[in-house]
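**Q** Got a structure for you, written out below as structure tokens; questions coming shortly.
Number of protein chains: 2
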Amino acid sequence: MESLLGGAVASKPLSAHQLQVIADRFRALGEPTRLHILSALRGGEQNVTQLIELTGFGQANLSKHLQLLLRLGFVDRRKEGVSTFYRLADQDVLRLCEIMCGRLEKEVARQRKLFAS
Amino acid sequence: MESLLGGAVASKPLSAHQLQVIADRFRALGEPTRLHILSALRGGEQNVTQLIELTGFGQANLSKHLQLLLRLGFVDRRKEGVSTFYRLADQDVLRLCEIMCGRLEKEVARQRKLFAS
DNA sequence: GCACTATATCACTATATAGTTATATTAGCA
DNA sequence: TGCTAATATAACTATATAGTGATATAGTGC
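So the protein sequences, as listed, match chains H and R.
First residue of the first sequence? That's 118 in my numbering, and the numbers climb one at a time after it.
First residue of the second sequence? That's 118 in my numbering, and the numbers climb one at a time after it.
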């Protein structure tokens with residue numbers, strides 16, 4: 118699949134469907150609740166009960182968010198008896214958040230400059 | 118600001134406000150319309166009339182999305198007479214989309230494997 | 001089988017926002 | 001000044017979804 122921005126060469130326009138698929142994934146990260154869940158999984162896999170304790174979210178709400186993150190490939194899971202352990206599927210979420218946080222740092226620096234001038 | 122996933126060392130938990138600020142930015146990229154607009158800016162700055170032609174979106178709709186992208190720092194603008202030229206603020210959107218597209222490639226490869234087996 | 005626990009799903013309400021139409025603002029020009 | 005064009009904003013409708021409470025499903029032990 119072509120990257121949205123491509124390399125130096127302008128890549129072909131993406132179809133409406135491709136744009137939708139990509140947007141779905143960004144939107145999955147566009148909820149503080151889901152970022153909180155992903156953040157709680159940084160330390161390693163957790164079952165749902167542990168996530169409830171870690172995050173304070175309701176069980177049904179948490180479960181629904183986990184299904185979404187699973188469907189879009191941001192988390193994997195492993196069933197052990199009656200429990201389900203969720204974990205980050207890979208490092209991509211970390212990389213994505215690093216870029217976003219870098220943007221925020223730049224933003225803060227700019228604001229500071231405005232005050233200073 | 119701390120990155121959501123941090124380095125090897127687990128970073129401090131993010132405050133609700135920080136999570137919200139990061140989520141806002143992911144959500145901004147979580148709409149196909151806005152991705153389409155950003156994609157249309159890959160080739161260089163465009164004014165609103167040009168963007169209308171390139172994307173086929175309504176003027177008011179387009180303007181509203183541009184204000185959002187501007188407010189969150191994904192685009193910059195330059196006014197020239199009665200026109201406003203928008204451009205990508207930096208390369209971050211490209212980097213973010215590359216990661217997402219990479220995920221999709223892996224997803225497709227996995228699907229193909231399932232069929233093959 | 002029954003009871004208990006963990007997780008997932010359903011049904012519902014409330015809120016956010018994408019798209020649209022109409023209007024306001026602003027710049028250039030006669 | 002008035003006229004036109006480009007962009008932004010306001011008001012509205014329709015849709016999507018976050019959160020919640022109730023219920024369903026599945027595993028474990030009695």
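The C-beta atom is built at its ideal place from N, Cα and C for all residues, glycine as well.
Nothing here was measured: the structure is a model prediction, and the numbers come from that model.
Quick one: residues in its chain with C-beta nearer than 6 Å to the C-beta of F202/R, no 5 flanking neighbours on either side, listed in chain order?
**A** If we look at F202/R and ignore the five residues flanking it on each side, its Cβ neighbours are E162, N164 and R195.
**Q** Quick one: give me the first and last residue of the alpha helix (DSSP H) that D207/R is part of.
**A** Counting along the chain, D207/R falls outside any alpha helix (DSSP H), and DSSP gives it neither H nor E.
**Q** Of all Cβ atoms in chain R, is any one closer than 7 Å to the Cβ of Q243/H?
**A** Residue 243/H is absent from the structure shown; chain H starts at 118 and stops at 234.
**Q** At the level of alpha carbons, what is the spacing between Q167/H and F232/R?
**A** Each residue's Cα considered, the two are about 36 Å apart.
**Q** Kindly list the residues whose CB is nearer than 8 Å to the CB of A157/H, restricted to its own chain and excluding five residues on each side of it in sequence; keep chain order.
**A** Cβ within range, chain order: Q163, L168, L171 and T172.
**Q** For I216/H, which residues in chain R fall below 7 Å Cβ to Cβ?
**A** Here the neighbours are D209, R212 and L213.
**Q** Quick one, which of T150/H, Q228/H and L213/H has its alpha-carbon nearest A133/R's?
**A** Taking only the C-alpha atoms, the option nearest A133/R is T150/H.
**Q** If you measure from the beta carbon of Q137/H to each beta carbon in chain R, is any gap under 7 Å?
**A** Output row for Q137/H: interface = yes.
**Q** Counting only Cβ pairs nearer than 9 Å, list the residues of chain R close to A133/H.
**A** Within 9 Å Cβ-Cβ: P149 and H153.
**Q** Report the residue from S234/H, R220/H and V138/H whose alpha carbon sits nearest the alpha carbon of L221/R.
**A** Considering only alpha carbons, the answer is V138/H.
**Q** Would DSSP call R159/H helix, strand or coil?
**A** Note: R159/H maps to coil in three-state DSSP.
**Q** In whole angstroms, give me the CA-to-CA distance for L152/R and S200/H.
**A** C-alpha separation (whole angstroms): 39 Å.
**Q** Measure the alpha-carbon distance for G160/H versus R204/R and round it to whole angstroms.
**A** Taking the straight line from one Cα to the other gives about 39 Å.
**Q** At which residues does the beta strand (DSSP E) containing V192/R begin and terminate?
**A** Where V192/R is concerned, the enclosing beta strand (DSSP E) stretches over V192 to E197.
**Q** Taking all protein chains shown into account, do 16 or more other C-beta atoms lie within 10 angstroms of the C-beta of R144/R, making it buried, or fewer, making it exposed?
**A** Looking at its Cβ environment, which holds 16 or more other Cβ atoms inside 10 Å, R144/R is buried.
**Q** Assuming G190/H and A206/H form a contact by the criterion Cβ under 8 Å, report the distance between their Cβ atoms to the nearest whole angstrom.
**A** So it is a contact: roughly 6 Å between Cβ atoms.
**Q** Measure the Cβ-Cβ separation of A140/R and E148/H and say whether it is below 7 Å.
**A** Taking 7 Å as the Cβ cut-off, A140/R and E148/H qualify as a contacting pair.
**Q** Give me the DSSP bridge partner(s) of E132/H.
**A** The question names Glu, but residue 132/H is Ser in the sequence shown. Paired residue(s): none; S132/H is not in a bridge.
**Q** Would you decide whether R229/R is buried or exposed? Buried here means 16 or more other CB atoms lie within 10 Å of its CB.
**A** So R229/R counts as exposed.
**Q** Going by C-alpha to C-alpha distance, which of Q135/H, A226/H, L183/H and L155/H sits closest to V212/H?
**A** The sequence as given places Arg at residue 212/H; Val does not occur at that position. Of the listed residues, the one whose Cα sits closest to R212/H is L155/H.
**Q** Which of helix, strand or coil does DSSP assign to S234/R?
**A** Residue state, collapsed to three classes: coil.
**Q** Do R188/R and M217/H have their C-beta atoms within less than 7 Å of each other?
**A** No, Cβ-Cβ distance for R188/R and M217/H is not below 7 Å.
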